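Colleague: Just so you know, this note's numbering puts the end of the sequence shown at 843, numbered straight through with nothing missing. Ideal Cβ positions, reconstructed from N, Cα and C, are used throughout, including at glycine. Because the structure is a prediction, the values reported are computed rather than measured.
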Amino acid sequence: MKTLRDKASLREALAAPRRGGQSIGLVPTMGYLHEGHLSLLRAARADCDLVVMSLFVNPAQFGAGEDLDRYPRDEERDLRLAEEAAVDFVYAPAVEEVYPEGFASHVEVEGLTDVLCGDPGRRGRDHFRGVTTVVAKLLNTVQPDVAYFGQKDAQQAIVIRRMAEDLDFPVRVEVLPTVREPDGLALSSRNAYLDAEERERATAISRSLNAAREMAASSSLAEALERARTELREAGIEPEYLEARHAGDLSPAAELNGRPVLIAVAAQVGGARLIDNVLIDPKGE
559 MKTLRDKASL
569 REALAAPRRG
579 GQSIGLVPTM
589 GYLHEGHLSL
599 LRAARADCDL
609 VVMSLFVNPA
619 QFGAGEDLDR
629 YPRDEERDLR
639 LAEEAAVDFV
649 YAPAVEEVYP
659 EGFASHVEVE
669 GLTDVLCGDP
679 GRRGRDHFRG
689 VTTVVAKLLN
699 TVQPDVAYFG
709 QKDAQQAIVI
719 RRMAEDLDFP
729 VRVEVLPTVR
739 EPDGLALSSR
749 NAYLDAEERE
759 RATAISRSLN
769 AAREMAASSS
779 LAEALERART
789 ELREAGIEPE
799 YLEARHAGDL
809 SPAAELNGRP
819 VLIAVAAQVG
829 GARLIDNVLI
839 DPKGE
């Protein structure tokens, strides 16, 4: 495994394999790897000849007052885990390499970034502008055949897939299932912020989503969402949002009508802002 710090070195390293017809998989990460990241790396390893993992805490997707400075970091551990996962190249640039002095260009996806986490009263569209800009730069630098993302960040995955389609990036965007702890808590680097009591309370998030999914099979979506809110209230959690959205375009979903529906939640538990979701797909796709 090679760790590269600048895009010129990475492009040079990938040039010959690309000319030789080898397929390239990209797994973008902000580090502090957990089993969710490793599941993406394993999928890339199984699918592609070469695996590139990016390791970059992207300042552009953090808003004022968010946790950029305290976001968990452990590069030595991340590199060890990446090597154990048979990653070929880790791209770990400095901020100045990604956003050099005078950087003034941004990529923005409209519509999909105005709701849920992108609502102006929440993280806002600037968060997703930071995400899509850095992912666009990674896609241009690596030029992968496949890029891998997790379902836990469902809105992010939907936005990135739309960006790739709209801007004609020649890449397949693969979205893999959320990886959870045995008690249902979705794996997240921010789980490190939780103490024991907060972590126990946080399990109510996945319970609430499972309850909503089960109830939606025989009741209205409104009743299913209210059941989820009750589950959260009983754990002392007030959600930032808990909404049902059509998974294709994130438009509001009032009922199950044959289209896949995403039930998504965000909630502050202690020092951690946690997000999670379940997908209700009547066709089972």
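Using only the alpha-carbon positions, how far apart do E633 and A774 sit?
Modeller: C-alpha separation (whole angstroms): 43 Å.
Colleague: Measuring straight from C-alpha to C-alpha, what distance separates D834 and I763?
Modeller: Distance between the alpha carbons of D834 and I763 is about 7 Å.
Colleague: Can you tell me whether D711 is buried or exposed? The criterion is at least 16 other CB atoms within 10 Å of its CB, across all chains shown.
Modeller: Buried: at least 16 other Cβ atoms inside 10 Å.
Colleague: According to the neighbour-count rule (16 or more other Cβ atoms, all chains shown, within 10 Å of its Cβ), is D636 buried or exposed?
Modeller: It is buried - the Cβ of D636 has at least 16 other Cβ atoms within 10 Å.
Colleague: By the three-class DSSP mapping on this structure, what secondary structure does S766 have?
Modeller: Residue state, collapsed to three classes: helix.
Colleague: According to DSSP, simplified to helix, strand and coil, what is H804?
Modeller: DSSP places H804 in strand when its eight states are reduced to three.
Colleague: Could you tell me the alpha carbon to alpha carbon distance between D807 and G669, rounded to whole angstroms?
Modeller: Roughly 8 Å separates the two Cα atoms.
Colleague: Which full runs of the alpha helix (DSSP H) of 4+ residues lie inside the stretch 675–734, going along the chain?
Modeller: The qualifying runs are 683–700 and 712–724.
Colleague: Going by CA-CA distance only, name the one from V729, P702, V656 and V819 that's closest to V615.
Modeller: When only C-alpha atoms are compared, the closest one is V656.
Colleague: Measure how close the beta-carbons of L568 and F686 come, nearest whole angstrom, since I'm counting them as under 8 Å.
Modeller: Incorrect: roughly 25 Å between the Cβ atoms, too far for contact.
Colleague: Helix, strand or coil: how does DSSP classify Y799 here?
Modeller: Three-state DSSP puts Y799 in a strand.
Colleague: Using 8 Å for Cβ pairs, my map puts P840 next to L814. What's the rounded Cβ distance?
Modeller: Contact flag correct, Cβ pair sits at about 6 Å.
Colleague: Which one of Q714, F727, R683 and G708 has the shortest CA to CA distance from V700?
Modeller: Ranking the options by Cα distance to V700, first place goes to F727.
Colleague: First and last residue of the beta strand (DSSP E) that includes P575?
Modeller: No beta strand (DSSP E) contains P575, which is instead part of the alpha helix (DSSP H) from K565 to R577.
Colleague: Among residues of its own chain, excluding the 5 on either side of V827, which ones have a beta-carbon nearer than 7 Å to its beta-carbon?
Modeller: For V827, where only same-chain residues beyond five positions count, the Cβ hits under 7 Å are L752, E756, R759, A760 and I795.
Colleague: Which residue from G579, L596 and R628 puts its Cα closest to that of L608?
Modeller: L608 has its Cα closest to that of G579, out of G579, L596 and R628.
Colleague: Distance, Cα to Cα, P630 vs T691?
Modeller: Going from the Cα of P630 to the Cα of T691 covers about 22 Å.
Colleague: Tell me the rounded alpha-carbon separation between L639 and M611.
Modeller: Using only the alpha carbons, I get a separation of about 11 Å.
Colleague: Which of the three DSSP states, helix, strand or coil, is assigned to P617?
Modeller: Helix at P617.
Colleague: Shortest alpha-carbon distance to G594 belongs to which of L743, P651 and M721?
Modeller: Minimum Cα distance to G594 is reached at L743.
Colleague: Given that a residue counts as buried once 16 or more other Cβ atoms are within 10 Å of its Cβ, and exposed if not, what is E801?
Modeller: E801 should be labelled buried.
Colleague: If we ignore side chains and look at the alpha-carbon of each, how far apart do P844 and A618 end up?
Modeller: Since the first residue shown for the chain is 559 and the last is 843, residue 844 is missing from the structure and cannot be characterised.
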